[in-house]
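*Asks:*
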Amino acid sequence: MKNLKLIKSKISKVKLGKNCKIIEPVNIYGCTIGSHVFIGPFVEIQKNTKIGDNTRIQSHTFVCEKVNMGSNCFISHGVMFINDLFKKGKVNRNSNSFKKTTIGNNVIIGSNATILPVKINNNIVVGAGAVVTKNLLKKGIYTGNPAKFLKKI
Amino acid sequence: MKNLKLIKSKISKVKLGKNCKIIEPVNIYGCTIGSHVFIGPFVEIQKNTKIGDNTRIQSHTFVCEKVNMGSNCFISHGVMFINDLFKKGKVNRNSNSFKKTTIGNNVIIGSNATILPVKINNNIVVGAGAVVTKNLLKKGIYTGNPAKFLKKI
Amino acid sequence: MKNLKLIKSKISKVKLGKNCKIIEPVNIYGCTIGSHVFIGPFVEIQKNTKIGDNTRIQSHTFVCEKVNMGSNCFISHGVMFINDLFKKGKVNRNSNSFKKTTIGNNVIIGSNATILPVKINNNIVVGAGAVVTKNLLKKGIYTGNPAKFLKKI
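Protein chains in written order, with this note's numbering: chain A, 942 to 1094; chain B, 942 to 1094; chain C, 942 to 1094.
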């Protein structure tokens, strides 16, 4: 156990709006969070992310660097965002080249969904357990692995 | 950070049977849990749920409101239950109309499975990573996204 | 709440190499971990597991008994390992007969992936959200539920 660096999860260097509610333990650092945001327990939000007003991030969700999320979104439980496609079988160690994810307003993402670095437009629903590998631009509900258009809202 | 409401995960207002074992941190509130129940770390169980005797809820699992689970079940790791289908692209804010999930006795649910609001009968196995979108009534093993009957037990 | 056994997650009986970094809370016990290993928050690692040098285990991941993982691996967020196939619809209560998982060196596993008890060779990438049900022996990228060979690296 020589030189073990043991760090506690915390809320650190976060720019936070008004009237937010957070259930600890969480590990949230270096991000910008709007007003009236709810964050459930066992959530990690990395630096260089932005979360809009009135958005809710439910338990067990992980928001990686370079996710930019709009207002009035509902991110369910166990949702994982991704910024590295492991191209060429390598992990990208350079955060400058992490891939961006852009989530519009009024987006709903179901539990256990996995979101690769894509653009998701306003008013879109991603079904529970979906794996989103491409941009979702047309309003509607998307489900499956990989996620496909299921129906209009 | 004006008016930040910071709340610690806890065990609160739980009706709990005899000889249970719980690994903290967990966030468990307003539910009824039988005897000889095990609950692993990083679990959230919401109010208005019922968990039968001898059932085991493994780490990272989320049990939402209106889940009624029988005895001798084994809920593996990272399982997410759901009570809102986001019909019409909206989040349901009225817990009175959340959808029910009923899990029988001797049900086994594999890790990372996602369970939409359905009925699962006694003696059924849901495979790891499955997304259950329909009632599972016939005894057997179900796998895939969406989950389909794989084979008899 | 008679006889409630309430236990805190902790790092216990771990054989740990040099210069590791761990973000608490975690529940890690009875395992052997190499040097320069990173372990993110909300991770559980059970006993009788081995994790090689320079491997990174990201947040929300669960490593079960009998997983043997090589060096320089990257296990993303929310990855669940499995050692019981629930054959005959029963949970295996005898840890001596838990199934083994062997992960080589330089293996990358994407977020929310589910890994049944298999062998994964060196230099393999498992895509996000994949459910790995068979041995992965040939170098390349595997995706889907169940996971299939997608392309060469």
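Glycine residues also receive a C-beta, built at the ideal position from the N, C-alpha and C atoms. Computed from a predicted model, the values in this text were never measured in an experiment.
With a CB to CB cut of under 7 Å and the five nearest residues on each side skipped, what residues in its chain are close to C:G1085?
*Replies:* A1071.
*Asks:* In chain order, what residues of the segment 1013-1037 of chain A put their CB closer than 7 Å to some CB of chain C?
*Replies:* Correct list: G1019, M1021, I1023, F1027, K1029, G1030, V1032.
*Asks:* What residues match up with B:L945 in a beta bridge as DSSP calls it?
*Replies:* According to DSSP, B:L945 bridges with nothing at all.
*Asks:* Taking 8 Å as the threshold (beta carbon to beta carbon), is A:N1086 in contact with chain B?
*Replies:* Yes, A:N1086 lies at the interface with chain B (some Cβ there is under 8 Å from its Cβ).
*Asks:* Going by the DSSP bridge assignment, what does C:I1065 pair with across the sheet?
*Replies:* For C:I1065, which the question treats as bridged, DSSP gives the partners C:G1081.
*Asks:* Rounded to whole angstroms, what is the Cα-Cα separation between A:Q987 and A:K1041?
*Replies:* The straight-line gap from Cα to Cα measures roughly 13 Å.
*Asks:* Skipping 5 residues on each side, what residues in its chain have a beta carbon closer than 6 Å to that of C:I1049?
*Replies:* For C:I1049, where only same-chain residues beyond five positions count, the Cβ hits under 6 Å are F1015, V1066.
*Asks:* Please list the partners that B:F1039 has in chain A, where partner means a Cβ-to-Cβ separation under 8 Å.
*Replies:* Neighbours of B:F1039 on chain A: none; closest Cβ ~13 Å, over 8 Å.
*Asks:* Alpha carbon to alpha carbon, how far is C:G1068 from C:I1082? Give it in angstroms, no decimals.
*Replies:* Each residue's Cα considered, the two are about 7 Å apart.
*Asks:* Between B:P966 and A:P966, how many whole angstroms is the CB-CB distance? I'm expecting something under 8 Å.
*Replies:* About 6 Å; that satisfies the 8 Å criterion.
*Asks:* For B:S1017, name the three-state secondary structure that DSSP assigns.
*Replies:* Correct three-state label for B:S1017: coil.
*Asks:* Rounded to a whole number of angstroms, what is the C-alpha to C-alpha distance between A:F979 and A:S1012?
*Replies:* Cα to Cα, A:F979 sits roughly 12 Å from A:S1012.
*Asks:* If the cut-off is 8 Å on Cβ atoms, which residues from the segment 978-991 of chain A count as contacting chain B, listed in chain order?
*Replies:* Residues passing the 8 Å Cβ filter: G981, P982, F983.
*Asks:* Beta-carbon within less than 6 Å of B:N1063's beta-carbon, same chain only, minus the 5 sequence neighbours each way: which residues are those?
*Replies:* Cβ within range, chain order: G1045, N1046, N1047.
*Asks:* For A:K1007, which of helix, strand or coil comes out of DSSP?
*Replies:* Coil at A:K1007, not helix or strand.
*Asks:* Please work out which residues of its chain come closer than 6 Å, Cβ to Cβ, to A:V1008, disregarding the five sequence neighbours upstream and downstream, and give them in chain order.
*Replies:* Excluding residues within five positions, the ones whose Cβ falls inside 6 Å are T990, F1022, T1042.
*Asks:* Taking buried to mean at least 16 other C-beta atoms within 10 Å of its own C-beta, is C:L957 buried or exposed?
*Replies:* Buried, by the Cβ-count rule.
*Asks:* Hey, is A:C972's beta-carbon within less than 8 Å of any beta-carbon in chain B?
*Replies:* A:C972 does not count as touching chain B.
*Asks:* For B:I964, count the other beta carbons within 10 Å of its own beta carbon; 16 or more makes it buried, fewer makes it exposed. Which is it?
*Replies:* The residue in question, B:I964, is buried, as its Cβ has 16 or more Cβ neighbours within 10 Å.
*Asks:* Just tell me which of A:K1080, A:N1076, A:I974 has its CA closest to the CA of A:K1060.
*Replies:* Nearest option by C-alpha distance: A:N1076.
*Asks:* How would you label A:S1052, buried or exposed, when you count the other beta carbons within 10 angstroms and need 16 or more for buried?
*Replies:* Its Cβ being crowded by 16 or more others within 10 Å, A:S1052 is buried.
*Asks:* Excluding the five sequence neighbours on either side, which residues of its own chain have a C-beta within less than 6 Å of the C-beta of C:S1000, listed in chain order?
*Replies:* Contacts found: G981, P982, F983, H1018.
*Asks:* Do you know how far the Cα of C:K1080 is from the Cα of C:I948?
*Replies:* Cα-Cα distance, rounded: 42 Å.
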